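All remarks here apply to the structure that follows.
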């Protein structure tokens, strides 16, 4: 292995089992060892790595921080992991064009710390933001609690330097604000989960950092009722930056885990408004009114400490739930906002029918829910598998999508064609055109290393 | 011809020369007759048309209103034009999800008239908005004077039904707010200029229609100085909805054509702010301050009639210029906002060096300029051709793009690889994968009907 990568210094080619362990997992329950890990520091090295892999037909799996909840960075059989963590330089902050150029391994929070010095920020806000990398976010089209106002990573990618599966480098986009020049390859690579190319430089549009905030917490006696209020608030087009829901199981878990008193309720809704002046207070009151009218008990929060307390509670949801069961399966469905109450009702029904515990929280303002399945044993896992399939079918029947922000990876391949139909073939054909030897993250999004299809 | 399309009623298959004349042009100077025109009224008919064309290897050119400034809907040799103007139904306005579903031939202004009844609008605002179709806008990723605030058509396309060159139908996207499920095929089709598929249904995200407006006109003694002020205003991230520039040649033409007195100047800048409350007045004053400080004479406009007068002047630019020369060549470059003053200086230099008249106006706030070449005769046309090549090279050297909103069509094919390098091959390969017989608008964006390349 080392001789294949003699252009890399020795300590940047890992082959020992104890080193490979660190690259054998992501945030899903699966594990697999790669045959090696390479740690490039430049575009040129990435090109050479791809050329070796192409010649030897060795699969390459790109890896940032490995925080994926879908299996996208999981090593596949006989693969080499390309670890981008050494390429972590913020190349340039261009204030005039509100643009920043970064290497792939820059960490989300580190970028926003740097941007804060310029009064700017990159809004998509994944739960793993303290460790996840920008290239990982681009690969998965990540977002988070602020997507309801600011959209997803795709909306901010201005340019990409990409090494294709052939070893050729393409440069896409630029720091201009718009273009009608040719196909939008840039958006095609965003969300491609490492299957179409490896990112070696990323340019992001960034925006002014808001400095006024106001928040609200609303307690409901009924989960579906909370959904109806959220749909109503969104239909009024109130300018909400965050609009989260948590069911009673999540609330209890958070209270017991973090010691934060949330006041027990069948459902909690958290909202935040942000902007550049005191209007945020008026807007949060308008939002609160919608919730009060639908029977919620509402508290407002205007000072920083109080708002921070609410977000600590929200961020504690996943670790708190992790203590309730030996395995968590965190799903990531998104439905049209109009279908939110019905989806919430159906999640309840699925839990009851299959006699399993489902804790649901999520970015309800954009229809993105994380029904989280708590699993203790093999027998329960079988029931959960059936329940998850039902969940996806219900979500799709309501006009939804399999993933709002976590991607398909290995976890949702089997349902992919249910959502996309013949478009699945079109995507596979594009994969074939760009990566003819199928060496880039094979078996992710689509199944296996089987022969490509031709469009008929 | 009629027997090939016997599934269409007779009056929807045009073959007579006088009928074909209406389909032989767009807004560029070129002309070519198709061999026939078909006018489908349903997705099923479009599928049948594509199947016939595929079997007979007859090229198909999709057409909306034919207002393109790049040649995209121009008939190619031996082609059939697919006229979508009979598919002009607004299928559904979904207020809760802020979504509208339309057939491809719906006219931009007609859609916004309907949306206004619901307090909504679709912001991209092309100069041809009174006649252009939504599918044409999607095909070209059109925008206009409001792109500086609202972005381009791509930012609003939520879903597409597309008939591929094989006759297969794919449905992409939905009315959910975000997705990380597979490749972003939707964005790939937006801006594909009819070369990848034919749109049979389009879903758009729409937004609340602002009801407060304020405007400003600034007079400068120097064209480049106006550019510097615009860059400065944009760097301050003031919330401008429109930020237009016109040089003295455009100002004179508009004054003489429309009778509107603009007060002669070396450069005029028009700005508009829009929103939902009286803050628009404060914001336009902040913008005005930037321009005053850079030596401009500034007037503000707060009432509707006065604002309308300004926009009448701006909209008159193109027809006014058309009276100054027998042929206009309207270019559409976009540079990073930081490079705007330098680009404006270089446009002046190109005009002087080649001894030609260039009238420049455009959406300067997003770096999009329309240098318009006034041409009287063959000899001048030769000099203009050299000047246009220089213009594109200068634009690209400043980090710009060949087209901000008009597309590549036939007019900029020859410069395309200069901008995109190897990515051109990747785009061609995608075209080959999706349209293996190259029957969809061949020769647009890329050259000719020559064999496809394989990625090496």
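Protein chains in written order, with the working numbering: chain A, 57 to 512; chain B, 57 to 512. Glycine is no exception: its CB is placed at the ideal position from the N, C-alpha and C atoms. Nothing here was measured: the structure is a model prediction, and the numbers come from that model.
Assigned exposure category for residue 332 of chain B - 16 Cβ within 10 Å defines buried: As a working mapping, residue 332 of chain B is identified with position 276 in the second chain. By the 10 Å Cβ count, residue 332 of chain B comes out exposed.
Start and end of the beta strand (DSSP E) containing residue 413 of chain A? Working through the first chain from its first residue, we reach residue 413 of chain A at position 357. Per DSSP, the unbroken beta strand (DSSP E) holding residue 413 of chain A starts and ends at 413-419.
Residue span of the beta strand (DSSP E) that contains residue 330 of chain A, given as start and end: What you label residue 330 of chain A is simply residue 274 of the first chain in a count that begins at 1. From DSSP, the beta strand (DSSP E) with residue 330 of chain A extends over 323-331.
Interface residues of chain A around residue 267 of chain B at Cβ under 7 Å? Looking up residue 267 of chain B in the second chain gives position 211. The premise fails here: residue 267 of chain B is roughly 13 Å from chain A at the closest Cβ pair, so nothing lies under 7 Å.
Given that a residue counts as buried once 16 or more other Cβ atoms are within 10 Å of its Cβ, and exposed if not, what is residue 73 of chain B? The residue given as residue 73 of chain B occupies position 17 in the second chain. Classified as exposed, residue 73 of chain B has fewer than 16 neighbouring CB atoms from the shown chains inside 10 Å of its CB.
Are the CB atoms of residue 79 of chain A and residue 139 of chain A within a distance shorter than 8 Å? For the purposes of this step, residue 139 of chain A is taken as the residue at position 83 of the first chain. For the purposes of this step, residue 79 of chain A is taken as the residue at position 23 of the first chain. Taking the C-beta atoms as reference points, residue 79 of chain A is found nearer than 8 Å to residue 139 of chain A.
Verify the CB distance criterion: does residue 483 of chain A have a CB-CB separation below 8 Å to chain B? Taking the first residue of the first chain as 1, we reach residue 483 of chain A at position 427. Between residue 483 of chain A and chain B, the shortest Cβ-Cβ separation is below 8 Å.
In its own chain, which residues sit with a C-beta less than 7 Å from the C-beta of residue 446 of chain A, not counting the 5 before and 5 after it? In the first chain, the residue the question calls residue 446 of chain A occupies position 390. Within the same chain, and ignoring the five residues on either side of residue 446 of chain A in sequence, the residues whose Cβ sits closer than 7 Å to its Cβ are 406.
From the DSSP output, in three-state form, read off residue 143 of chain B for me. Counting from 1 along the second chain, the entry for residue 143 of chain B is found at position 87. Of the three classes helix, strand and coil, the one that applies to residue 143 of chain B here is coil, per DSSP.
Closer than 8 Å, CB to CB, is residue 464 of chain B near chain A or not? Mapped onto the second chain, residue 464 of chain B falls at position 408. With 8 Å as the cut-off, residue 464 of chain B counts as an interface residue toward chain A.
So residue 449 of chain B contacts chain A; which residues on that side make the cut at Cβ distance below 7 Å? The residue labelled residue 449 of chain B in the question sits at position 393 within the second chain. By Cβ distance, chain A contributes nothing, its closest Cβ being about 15 Å from residue 449 of chain B, past 7 Å.
Pick from A:443, A:386, A:496, A:160: whose alpha carbon is nearest that of residue 110 of chain A? Walking along the first chain from the start, residue 110 of chain A turns up at place 54. Checked all of A:443, A:386, A:496, A:160; the closest Cα to residue 110 of chain A is A:496.
Taking residue 244 of chain B as the query, report the chain A residues whose CB atoms sit under 9 Å from its CB, ordered along the chain. As a position in the second chain, residue 244 of chain B is number 188, starting the count at 1. In chain order: 239, 240, 241, 243, 244, 486.
Taking the beta strand (DSSP E) that residue 427 of chain B belongs to, which residues open and close that run? Taking the second chain and counting its residues from 1, one reaches residue 427 of chain B at position 371. It spans 424-431 - the beta strand (DSSP E) in which residue 427 of chain B sits, taken as one unbroken run.
Span separating the alpha-carbon of residue 112 of chain A from that of residue 102 of chain A: Here residue 112 of chain A is taken as the residue at index 56 of the first chain, counted from 1. Here residue 102 of chain A is taken as the residue at index 46 of the first chain, counted from 1. Near 15 Å, if we compare the C-alpha coordinates of residue 102 of chain A and residue 112 of chain A.
Of all Cβ atoms in chain B, is any one closer than 8 Å to the Cβ of residue 57 of chain A? Your numbering for residue 57 of chain A matches position 1 in the first chain. Chain B, which has no Cβ nearer than 8 Å to the Cβ of residue 57 of chain A, makes this no.
In the DSSP assignment, what residue or residues form a beta bridge with residue 227 of chain A? Walking along the first chain from the start, residue 227 of chain A turns up at place 171. Partner(s): A:217.
Please classify residue 131 of chain B: is it buried, with 16 or more other beta-carbons within 10 angstroms of its beta-carbon, or exposed? Locating residue 131 of chain B in the second chain gives position 75, counting from the first residue. Residue 131 of chain B is buried by the Cβ-count criterion.
With a threshold of 8 Å, are at least 3 pairs of Cβ atoms found where one atom belongs to the segment 267-280 of chain B and the other to the segment 61-72 of chain B? The segment 267-280 of chain B and the segment 61-72 of chain B do not touch, with fewer than 3 CB-CB distances between them shorter than 8 Å.
According to the neighbour-count rule (16 or more other Cβ atoms, all chains shown, within 10 Å of its Cβ), is residue 408 of chain B buried or exposed? Locating residue 408 of chain B in the second chain gives position 352, where the first residue counts as 1. Exposed, since its Cβ has fewer than 16 Cβ neighbours within 10 Å.
Helix, strand or coil: how does DSSP classify residue 466 of chain A here? Taking the first residue of the first chain as 1, we reach residue 466 of chain A at position 410. DSSP places residue 466 of chain A in coil when its eight states are reduced to three.
Of all the residues that make up the segment 252-276 of chain A, which are near chain B by a beta-carbon distance shorter than 9 Å? Within the segment 252-276 of chain A, the qualifying residues are 252, 263, 264.
I want to verify the contact list: residues of chain B whose CB lies under 9 Å from the CB of residue 181 of chain A, in sequence order. Looking up residue 181 of chain A in the first chain gives position 125. Using a Cβ-Cβ cut-off of 9 Å, residue 181 of chain A is close to nothing in chain B; its nearest Cβ partner there is about 13 Å away.
I'd like to know if residue 501 of chain B contacts chain A, where contact means its C-beta is closer than 8 Å to some C-beta of that chain. On the second chain, position 445 is the one that residue 501 of chain B refers to. Yes, contact with chain A.
Per-residue contacts from residue 320 of chain B into chain A (C-beta, under 7 Å): Within the second chain, the letter at position 264 stands for residue 320 of chain B. For residue 320 of chain B, none of the residues of chain A pass the 7 Å Cβ criterion, the least Cβ distance being about 30 Å.
Can you give me the start and stop residues for the beta strand (DSSP E) that residue 276 of chain A sits inside? Position 220 of the first chain, counted from the start, is the residue given in the question as residue 276 of chain A. Per DSSP, the unbroken beta strand (DSSP E) holding residue 276 of chain A starts and ends at 268-276.
At 7 Å on the CB atoms, spell out the chain A contacts of residue 458 of chain B, in chain order. Translated into positions along the second chain, residue 458 of chain B becomes position 402. The CB of residue 458 of chain B comes closer than 7 Å to the CB of 237 in chain A, given here in chain order.
Beta bridge counterpart(s) of residue 439 of chain B as assigned by DSSP: For this step, residue 439 of chain B is matched to residue 383 along the second chain. According to DSSP, which records beta bridges pairwise, residue 439 of chain B is partnered with nothing at all.
Answer with buried or exposed for residue 347 of chain B, where buried requires no fewer than 16 other C-beta atoms within 10 angstroms of its C-beta. Taking the first residue of the second chain as 1, we reach residue 347 of chain B at position 291. So residue 347 of chain B ends up on the buried side.
Any C-beta of chain A under 8 Å from that of residue 498 of chain B: Position 442 of the second chain holds residue 498 of chain B. With 8 Å as the cut-off, residue 498 of chain B does not count as an interface residue toward chain A.
Give the straight-line distance between the Cα atoms of residue 125 of chain A and residue 462 of chain A, rounded to the nearest whole angstrom. Locating residue 125 of chain A in the first chain gives position 69, where the first residue counts as 1. Locating residue 462 of chain A in the first chain gives position 406, where the first residue counts as 1. Near 6 Å, if we compare the C-alpha coordinates of residue 462 of chain A and residue 125 of chain A.
Which one of A:501, A:268, A:329 has the shortest CA to CA distance from residue 466 of chain A? As a first step, residue 466 of chain A is located in the first chain; it is residue number 410 there, counting from the start. Here the closest residue by C-alpha is A:501.
Suppose you measure from the CA of residue 510 of chain A to the CA of residue 251 of chain A; what does that come to, to the nearest Å? The count along the first chain starts at 1 and reaches residue 510 of chain A at position 454. The count along the first chain starts at 1 and reaches residue 251 of chain A at position 195. Because residue 510 of chain A sits at a pLDDT of 43, beneath the cut-off of 50, its placement in the model cannot be relied upon, and the following sentence gives the value as read from the coordinates. Each residue's Cα considered, the two are about 18 Å apart.
Within chain B, the residues that residue 476 of chain A reaches when beta carbons sit closer than 7 Å: Position 420 of the first chain holds residue 476 of chain A. Within chain B, the residues near residue 476 of chain A are 238.
With distance defined between alpha-carbon atoms, name the residue in B:306, B:274, B:231 nearest to residue 328 of chain B. For the purposes of this step, residue 328 of chain B is taken as the residue at position 272 of the second chain. Considering only alpha carbons, the answer is B:274.
Three-state secondary structure (DSSP) of residue 85 of chain B: In the second chain, the residue the question calls residue 85 of chain B occupies position 29. DSSP places residue 85 of chain B in the coil class of the three-state scheme, outside both helix and strand.
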